[in-house]
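Written out below as structure tokens is the structure these notes cover.
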Amino acid sequence: MTDHGKTFLARLVAPSGRTSTGRTIVRLVLGAMLAFAGVSHLTVAREEFQAQVPKFVPLDADLVVVASGIAEITLGAALMLLARRRVLVGWVVALFFIAVFPGNIAQWLHARDGFGLDTDSKRLVRLFFQPALIAVTLWSTGAWKDRPRVSSPHSDTPQADRK
Numbered sequence: 001m002t003d004h005g006k007t008f009l010a011r012l013v014a015p016s017g018r019t020s021t022g023r024t025i026v027r028l029v030l031g032a033m034l035a036f037a038g039v040s041h042l043t044v045a046r047e048e049f050q051a052q053v054p055k056f057v058p059l060d061a062d063l064v065v066v067a068s069g070i071a072e073i074t075l076g077a078a079l080m081l082l083a084r085r086r087v088l089v090g091w092v093v094a095l096f097f098i099a100v101f102p103g104n105i106a107q108w109l110h111a112r113d114g115f116g117l118d119t120d121s122k123r124l125v126r127l128f129f130q131p132a133l134i135a136v137t138l139w140s141t142g143a144w145k146d147r148p149r150v151s152s153p154h155s156d157t158p159q160a161d162r163k
């Protein structure tokens, strides 16, 4: 691994600095919502979530729902409890939201009803919420603002350290 790669990884896993009250509140609310969604995957909305698993996923729909529910509970708890690692957690949560986005697209393309999304226009509007959710995640955790930056090839100083 290059020195730049080592520096990037070291900064990514380093403890996160201070953040604003607004970002903290949004991060905590997002974590609670994610944990609640995960619990609903395992309980009251399990069948409805199973119906949303795209046909191209080569796994049992119930297994996908249970695994994603456990992942959401874990990620929600991490958002709420791991404040000192919020940048790393923010990137992991954003990647999770990106990973499940094809399911949202499949719901729209194949006209699958669920969670009140019973028209093509409602399902299409839902697609625009996923990028917003990713942006809110990156903002509230400071993941984008405090992201580790790789050094310029013409400098010995990482970009984050330059003024």
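As numbered in the UniProt record's numbering, residues 1 to 163 make up the sequence shown, in order.
Each residue gets a CB set at the ideal place from its N, CA and C atoms; glycine is no exception.
| Check | Outcome |
| --- | --- |
| Where L117 sits in the DSSP three-state scheme | strand |
| Cβ shell of V136 (< 8 Å), same chain only, five flanking positions each side left out | V26 and L30 |
| Local conformation of T43 per DSSP, three classes | coil |
| R18 (DSSP reduced to helix, strand or coil) | coil |
| C-alpha distance - T24 paired with R46, whole-angstrom precision | 30 Å |
| At least three beta-carbon pairs within less than 8 Å, the stretch 60 to 78 to the stretch 33 to 43 | yes |
| Within 8 Å, strictly: CB atoms of V87 and T141 | yes |
| Where V92 falls: helix, strand or coil (DSSP) | helix |
| Cβ contact check for the stretch 109 to 128 and the stretch 56 to 76: 3 or more pairs under 8 Å | no |
| Beta-carbon proximity check, M80 vs L117, cutoff 8 Å | no |
| Residue range of the alpha helix (DSSP H) that includes A61 | A61 to L81 |
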